[in-house]
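Scroll down for the structure; my scribbles are underneath it.
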Amino acid sequence: MLKFFNYFLFLILFPLSTMSYAHSPELHEQDGSMPHKEYKASGIVKSINQREMLIKHEPIKELSWPEMEMVFKISEQISLSELKDIKVGDFIKFMFYEKNDEYIITALREHPIKK
Ligand SMILES: [Cu+2]
């Protein structure tokens, strides 16, 4: 965790020109960051605030995460019209990745609750 935070500071404090050595050119395509692994998840929307969502997600085996409520950011890849249909209380399926201790949703859709 501390290690990761140090790395984060490193990325912020170093000017862009010196950052380039750590990234091969083909990895710059998306947003200048390292490539990331995406995880599948599902859960209930607890609140929505512009591009942030509080979600009570179901356990995520790949990360050994139990069920919990946490904040996810919503990628700019997702249009506002897509988000318009998502309401508090909806059960959603989504994809996300982790970056600098933030969790960013890249795809989401409403899903009927199977209870
Ligand atoms: Cu979580």
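Mature numbering (1 follows the signal peptide of the UniProt record, and there is no 0) puts the sequence shown at residues -22 to -1, 1 to 93. Idealized CB from N, CA, C, for every residue including glycine. Predicted model, so just to flag it, every value in this text is computed and none were measured.
Contact check, residue 20 vs residue 35 under 8 Å by CB: the rounded distance?
Right, their Cβ atoms sit about 7 Å apart.
Contact shell at 6 Å, judged by CB to any heavy atom of ligand 1, ordered along the chain
Every residue passing the under-6 Å Cβ criterion appears here: 35, 43, 46 and 48.
Once DSSP output is grouped into helix, strand and coil, what is the label at residue 88?
DSSP places residue 88 in strand when its eight states are reduced to three.
What is the residue span of the beta strand (DSSP E) that residue 59 lies within?
Annotation: residue 59 is outside any beta strand (DSSP E); the continuous alpha helix (DSSP H) that includes it extends over 58 to 62.
With DSSP as the reference, label residue 36 as helix, strand or coil.
In this structure, residue 36 counts as coil in the three-state DSSP scheme.
Whole-angstrom Cβ separation of residue 30 and residue 51, contact assumed at under 8 Å?
Confirmed, about 6 Å.
Go through its chain and collect everything with a Cβ distance to residue 83's Cβ below 8 Å, but skip five positions before and after it.
Spatial neighbours of residue 83 in its own chain (CB-CB distance under 8 Å, excluding positions within 5 residues in sequence) are listed in chain order as 31, 50, 51, 52, 53, 56, 72, 73 and 74.
The beta strand (DSSP E) enclosing residue 49, as first and last residue numbers
DSSP places residue 49 inside the beta strand (DSSP E), whose first and last residues are 46 to 52.
Spatial neighbours of residue 70 in its chain, beta-carbon cut-off 7 Å, leaving aside the 5 residues before and after
Excluding sequence positions up to five before and after residue 70, its CB lies within less than 7 Å of the CB of 20, 21, 23, 64, 86, 87, 88 and 89, all in the same chain and listed in chain order.
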